[in-house]
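In this note's numbering, the protein residues as written are 484 to 646.
The beta-carbon is built from N, C-alpha and C at its ideal position, and this holds for glycine as well.
Below is one structure, written out as structure tokens; comments come after it.
Below, the structure written as structure tokens:
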């Protein structure tokens with residue numbers, strides 16, 4: 484779905500005649516990305532048990548919860564290190580394993596993998612079916628985690644050290 488939206492946006496950009504329209508479309512795309520990020524962040528905040536104060540959210544919805552932030556010098560560096568290690572999916576290994584957890588406080592699911600404290604949020608609107616089974620949800624969440632592992636881009640850090 485995301486790829487289709489990107490392709491459509493690119494078609495509109497290529498079809499525009501002047502710089503004025505291009506600037507407007509760039510602004511619209513930026514605003515859309517900000518809305519998507521805010522929506523993702525809001526859903527992830529509702530997905531995480533409030534007792535966990537230290538976590539990092541990546542661009543595709545994968546987040547890592549840290550138990551003891553006091554043992555970590557730089558939470559962002561540690562999160563990227565863990566994401567590079569446990570995010571990418573390798574066929575036939577534990578990186579392909581997952582568990583699907585239904586959420587109570589927001590729509591969707593989280594998919595856990597073999598990385599301790601690593602979860603990926605999946606919104607129902609991301610899936611092509613209205614009644615997805617755990618396999619569909621899990622495989623999709625695993626692919627999102629793989630994308631975050633291949634290109635780890637942090638979009639939010641929640642840290643008790645900042646309070």
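DSSP places residue 565 in the uninterrupted alpha helix (DSSP H) bounded by 558-569. Nearest C-alpha to residue 560 among 644, 539, 571 and 529: 539. Just so you know, the alpha carbons of residue 562 and residue 611 end up roughly 30 Å apart. Rounded to the nearest angstrom, the Cβ distance from residue 625 to residue 581 is 5 Å, consistent with a contact under 8 Å. If you draw a straight line from the Cα of residue 547 to the Cα of residue 618, it is about 22 Å long. The beta-carbon separation of residue 566 and residue 631, rounded to 6 Å, stays under the 8 Å limit for a contact. Residue 622 carries a helical assignment under DSSP once its states are collapsed to helix, strand and coil. Residues 603, 628 and 631 of the same chain have their beta carbon placed closer than 6 Å to that of residue 545, with the five preceding and five following residues left out of the count.
Counting along the chain, residue 546 sits inside the beta strand (DSSP E) bounded by residues 545-548. Looking at the DSSP output, residue 637 shares a beta bridge with 541. For residue 583, the enclosing beta strand (DSSP E) stretches over residues 582-585. Residue 604: member of the beta strand (DSSP E) spanning 601-605, first to last residue. Classified as exposed, residue 607 has fewer than 16 neighbouring CB atoms from the shown chains inside 10 Å of its CB. Nearest C-alpha to residue 609 among 529, 543 and 584: 543.
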